[in-house]
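Asker: Line by line, the protein sequences are chains A and B. Take 3 as the starting number for the first sequence in this note's numbering and just add one per residue. Take 74 as the starting number for the second sequence in this note's numbering and just add one per residue. Just so it is clear, CB atoms sit at the ideal spot from N, CA and C, and this is done for glycine as well.
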Amino acid sequence: MRYKFLTAAFAATVALNFAGPAAATDLEVTHWWTSGGEAAAVAELAKAFDATGNHWVDGAIAGSGGTARPIMISRITGGDPMGATQFNHGRQAEELVQAGLMRDLTDIATKDKWTEIVRPKSLLDSCTIGGKIYCVPVNIHSWQWLWLSNEAFQKAGVPLPKDWNEFVAAAPALEKAGIIPLAVGGQPWQASGAFDVLLAAVGGTDAFLKVYQQKDAKFAAGPEIAKVFKAADDARKMAKNTNVQDWNQATNLVITGKAGGQIMGDWAQGEFQVAGKTAGKDYTCLPGLGLNEVIATGGDAFYFPLLKDEAKSKAQEVLAETLLDPKTQVAFNLKKGSLPVRGDVDLNTANDCMKKGLAILAKGAVIPWTDQLLSQDSQKQKEDLFSEFFAKPDMTLEEAQKRFADIIASAD
Amino acid sequence: MSNSERPNQLLRNLNAKVASIPMILTALVVFVGGTAWTVLYSFTNSKLLPRLNFVGLDQYYRLWATPRWLVSIENLLIYGVISLVFSLVIGFILAALLDQKIRFEDTFRTIFLYPFALSFIVTGLVWQWLLNPDFGVQRVVRDLGWTSFSFDPLYNSSIVIYGISIAALWQGTGLIMCLMLAGLRGIDEDIWKAARVDGIPMWKTYLFIVIPMMRPVFITTLVIIAAGIVKVYDLVVAQTSGGPGIASEVPAKYVYDYMFFAQNLGQGFAASTMMLLSVVIVIVPWAYLEFGGKKHG
Numbered sequence: 003m004r005y006k007f008l009t010a011a012f013a014a015t016v017a018l019n020f021a022g023p024a025a026a027t028d029l030e031v032t033h034w035w036t037s038g039g040e041a042a043a044v045a046e047l048a049k050a051f052d053a054t055g056n057h058w059v060d061g062a063i064a065g066s067g068g069t070a071r072p073i074m075i076s077r078i079t080g081g082d083p084m085g086a087t088q089f090n091h092g093r094q095a096e097e098l099v100q101a102g103l104m105r106d107l108t109d110i111a112t113k114d115k116w117t118e119i120v121r122p123k124s125l126l127d128s129c130t131i132g133g134k135i136y137c138v139p140v141n142i143h144s145w146q147w148l149w150l151s152n153e154a155f156q157k158a159g160v161p162l163p164k165d166w167n168e169f170v171a172a173a174p175a176l177e178k179a180g181i182i183p184l185a186v187g188g189q190p191w192q193a194s195g196a197f198d199v200l201l202a203a204v205g206g207t208d209a210f211l212k213v214y215q216q217k218d219a220k221f222a223a224g225p226e227i228a229k230v231f232k233a234a235d236d237a238r239k240m241a242k243n244t245n246v247q248d249w250n251q252a253t254n255l256v257i258t259g260k261a262g263g264q265i266m267g268d269w270a271q272g273e274f275q276v277a278g279k280t281a282g283k284d285y286t287c288l289p290g291l292g293l294n295e296v297i298a299t300g301g302d303a304f305y306f307p308l309l310k311d312e313a314k315s316k317a318q319e320v321l322a323e324t325l326l327d328p329k330t331q332v333a334f335n336l337k338k339g340s341l342p343v344r345g346d347v348d349l350n351t352a353n354d355c356m357k358k359g360l361a362i363l364a365k366g367a368v369i370p371w372t373d374q375l376l377s378q379d380s381q382k383q384k385e386d387l388f389s390e391f392f393a394k395p396d397m398t399l400e401e402a403q404k405r406f407a408d409i410i411a412s413a414d
Numbered sequence: 074m075s076n077s078e079r080p081n082q083l084l085r086n087l088n089a090k091v092a093s094i095p096m097i098l099t100a101l102v103v104f105v106g107g108t109a110w111t112v113l114y115s116f117t118n119s120k121l122l123p124r125l126n127f128v129g130l131d132q133y134y135r136l137w138a139t140p141r142w143l144v145s146i147e148n149l150l151i152y153g154v155i156s157l158v159f160s161l162v163i164g165f166i167l168a169a170l171l172d173q174k175i176r177f178e179d180t181f182r183t184i185f186l187y188p189f190a191l192s193f194i195v196t197g198l199v200w201q202w203l204l205n206p207d208f209g210v211q212r213v214v215r216d217l218g219w220t221s222f223s224f225d226p227l228y229n230s231s232i233v234i235y236g237i238s239i240a241a242l243w244q245g246t247g248l249i250m251c252l253m254l255a256g257l258r259g260i261d262e263d264i265w266k267a268a269r270v271d272g273i274p275m276w277k278t279y280l281f282i283v284i285p286m287m288r289p290v291f292i293t294t295l296v297i298i299a300a301g302i303v304k305v306y307d308l309v310v311a312q313t314s315g316g317p318g319i320a321s322e323v324p325a326k327y328v329y330d331y332m333f334f335a336q337n338l339g340q341g342f343a344a345s346t347m348m349l350l351s352v353v354i355v356i357v358p359w360a361y362l363e364f365g366g367k368k369h370g
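(1) Taking just the CA atoms, how far does Trp371/A sit from Ser144/A?
(2) Return no unless some Cβ of chain A is closer than 8 Å to the Cβ of Ile319/B.
(3) Check the Cβ of Phe334/B against every Cβ in chain A and list those closer than 8 Å, keeping chain order.
(4) Could you tell me the alpha carbon to alpha carbon distance between Ile135/A and Thr87/A, rounded to whole angstroms?
(5) Suppose contacts are defined by Cβ-Cβ distances below 8 Å. Is Glu295/A in contact with Ala367/A by that definition?
(6) Check whether the Cβ of Gly122/B lies closer than 8 Å to any Cβ atom in chain A.
(7) Between the stretch 237-246 of chain B and the stretch 148-156 of chain B, do three or more beta carbon pairs fall short of 8 Å?
(8) When you compare only the Cα positions, how much space is there between His33/A and Gln312/B?
(9) Can you name the start and end residues of the beta strand (DSSP E) that Ala86/A belongs to?
(10) Which residues mark the beginning and the end of the alpha helix (DSSP H) in which Leu47/A is found?
(11) Got a sec: is the Cβ-Cβ distance from Glu97/A to anything in chain B below 8 Å?
(12) Give me the chain A residues within the contact set of Asp330/B, using Cβ-Cβ distance strictly less than 8 Å, ordered along the chain.
(13) Determine the chain A residues that contact Pro206/B at a beta-carbon separation under 9 Å, and present them in chain order.
(14) Is it true that the CB of Gly339/A sits closer than 8 Å to the CB of Asp284/A?
(15) Measuring CB to CB, does Val144/B end up less than 8 Å from Glu322/B?
(16) What is the DSSP secondary structure of Ser340/A, counted as helix, strand or coil?
(17) Report the neighbours of Phe392/A on chain B: residues whose CB is nearer than 7 Å to its CB, in chain order.
(18) Would you report the Cα separation of Lys242/A and Gly316/B, rounded to the nearest angstrom?
(19) Among Val59/A, Pro307/A, Ala333/A, whose alpha-carbon lies nearest the alpha-carbon of Gln100/A?
(20) Closest Cβ-Cβ distance between Asn337/B and chain A: below 8 Å?
(21) Could you check the C-alpha separation between Leu350/B and Ile298/B for me, to the nearest Å?
(22) Between the alpha carbons of Leu255/A and Ala154/A, how many angstroms are there, rounded?
(23) Can you tell me where the beta strand (DSSP E) holding Val138/A begins and where it ends?
(24) Would you kindly work out how many angstroms separate the C-alpha atoms of Lys316/A and Leu325/A, rounded to a whole number?
(25) In the structure shown, what three-state DSSP assignment does Gly102/A receive?
(26) Take Asp386/A and list the residues in its own chain whose beta-carbon comes closer than 8 Å to its own, dropping the five residues that flank it on each side.
(27) Let me confirm a value: Thr139/B is counted as buried when at least 16 other C-beta atoms fall within 10 Å, else exposed. Which label applies?
(28) With 8 Å set as the bound, which would you pick, yes or no: does the beta-carbon of Tyr134/B sit closer than that to a beta-carbon of chain A?
(29) Would you identify the three-state DSSP class for Glu312/A, choosing helix, strand or coil?
(30) For Tyr279/B, decide whether its Cβ has a neighbour in chain A, counting only Cβ atoms nearer than 8 Å.
(31) Assuming the contact rule is C-beta atoms closer than 8 Å, Ala233/A and Leu184/A should be a hit. Round their C-beta distance to whole Å, please.
(32) Determine, using beta carbons only, whether Ala237/A and Val246/A come nearer to each other than 8 Å.
(33) Round the Cβ separation of Leu148/A and Phe169/A to the nearest angstrom and send it over; I've been treating them as touching at under 8 Å.
(34) By Cβ distance, which residues of its chain are closer than 8 Å to Thr294/B, with the 5 residues on each side in sequence left out?
(35) Can you list, in chain order, the residues of its chain whose CB lies under 8 Å from that of Gly159/A, leaving out five sequence neighbours each side?
(36) Arg141/B CB to nearest chain A CB: under 8 Å?
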């Protein structure tokens, strides 16, 4: 109740400020896209929105999602909502929607036939709560990529690996040449994400779903997952000399040939592009670590807080439509390195890696991602576990697996 | 002003009382009220938004079964002992040295106090670079020729909390020094003269005469240091963000991460209640000894 009152009070003051004929409506959009490639991509969205006669007020929050989300959420719950905000679609904004703080977009969605154009279907499902649509998915980001530096492998004198197992086998040669085999930055979500990728690649799609969708704790403690932990142990050993924090610094190690590879989502591709590198020539990408070619349908979406101001609410509708516009989709996703959410757009200019991704998507080899399957609480526990696991060489596999199974057992 | 003939206790100093109403309200509503609210909701299963759905002590059971929380507590203890002991000792020694009527005292005082002008965030970043093996101290020493020299406390799980303590001491000792210096200046010259006449060596004078006389200053200092210890957060965020792994986590960061990042208010409230409890356990017996005894005796 308190929040509603505050929201109303604040909205009233805002309405007063902006009363009167306003031709161009300012709409503040918050997001955590601050690395070079990301900033270039978000500029495309801003350009498209400004072209509709409104004005995009950029509210970039540095420090990646972990830092940005608490700020966004406290602004919404605290009664100072922005015009629109990025979240990873899935369960991050679930409670905000349930508390009635977010705007229902079902009308616009029906009008523009989102159910027909958005693909794969699971994207829109993640935006749907209680039969109503609350967000606009803008891209598909999948974590399932291994990025390799061609230069590093040349220097070490070993052929480019075709899958994870070959990569592990090549690690000693890389180390001998003074190259860090695998770059894993210190931010907790990186270690946790890398494990999830290994789970889907080494364990397979079924194992992934059994653990994260059905939350089968017994299975998570079993021998199949033990295999995944064995692979995670390899990754831990290969990554032990990475002394960087941020993911883009880790990607930079790969770009400059100081590291052999990195397990990171396709947003890393934006960094390669900004650095002027060409897919296939300077770097190589292996979807699903070369073992199990799937694409996880995680990604980013925009949510629109419920506003009292009519002009701003109108502008929200315009923004929602702009985001799904075919032209915006292409321009944005090319810069971002992610895949568009509609299948009917022309992506001739896409590079090799994106084309690989699109092909997998067309085959329908998709899995839901952990953002869609687990609550933030379980995600955080998982992050704590894996950041500890990657930083502590003496943590045994048995102990780690037991704690992992405990998290799955209590997951919601 | 009231000019009532019979002095009314309530109306005495009315201006002062009116003026302090905002502060009293703040104290009651924000501090006491907020604390009570937090403790109450720590017994619920509130997720992103507070909800009164009681689950008993579940949040506390989970808290004390979480390895990260246990690591945080351990780190806080180590960090606490180090900052308490070293900032008091170093602060006092620096103050005593400055008190020897040396030349350029002002200059030295400024230099020692200067780090205190920086926030913990800036301090953390500076020391993150200094202690980074690829840019900082280790690199400099290696470039000088000792190629096997290794000094990377922030990247070594077992000693990372000491690396953080170094930065905290660098930042905080200057202030302690100033407090101590003020205390030393408050000691009457005559005491020193008397001690000298009696032929007491200087270190003994400090240890047995001056320090006991500085008791109030020490208590103030202790409170300032202790408050800084319990709330340490920004320094860790800037230096290591809790890493490597969870090796440098602290309780305040656990509270923040679980309240906002993990969207689990109940768990965060339980952790902050435990922090409050630890402070209460330390403060109450001390306050009783310090203030309670005098009133009755």
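Answerer: So, from the data block:
(1) 8 Å
(2) yes
(3) Gly68, Arg71, Pro72, Gln378, Lys382
(4) 15 Å
(5) yes
(6) Checking the displayed sequence, the identity of residue 122/B turns out to be Leu instead of Gly. At a cut-off of 8 Å between beta-carbon atoms, Leu122/B makes contact with chain A.
(7) Yes: at least three Cβ pairs fall under 8 Å.
(8) 25 Å
(9) 86-90
(10) According to the DSSP assignment, Leu47/A belongs to the alpha helix (DSSP H) that extends over 38-52.
(11) yes
(12) Lys382
(13) Asn245
(14) no
(15) yes
(16) Residue state, collapsed to three classes: coil.
(17) Residues of chain B whose Cβ lies closer than 7 Å to the Cβ of Phe392/A are, in chain order, Gly318.
(18) 13 Å
(19) Pro307/A
(20) yes
(21) 18 Å
(22) A straight-line Cα-Cα distance of about 10 Å links Leu255/A and Ala154/A.
(23) 137-139
(24) 15 Å
(25) In this structure, Gly102/A counts as coil in the three-state DSSP scheme.
(26) Pro190
(27) Around the CB of Thr139/B, 16 or more other CB atoms lie within 10 Å, so the residue is classed as buried.
(28) Not a single CB atom of chain A sits nearer than 8 Å to the CB of Tyr134/B.
(29) helix
(30) For Tyr279/B, the answer is no, since every Cβ of chain A falls outside 8 Å of its Cβ.
(31) Not a contact, Cβ separation roughly 11 Å.
(32) In this structure, Ala237/A keeps its C-beta atom at 8 Å or more from the C-beta atom of Val246/A.
(33) 7 Å
(34) So the list reads Leu161, Gly164, Ile249, Leu252, Met253, once near-sequence residues are dropped.
(35) Ala175, Ala179
(36) yes
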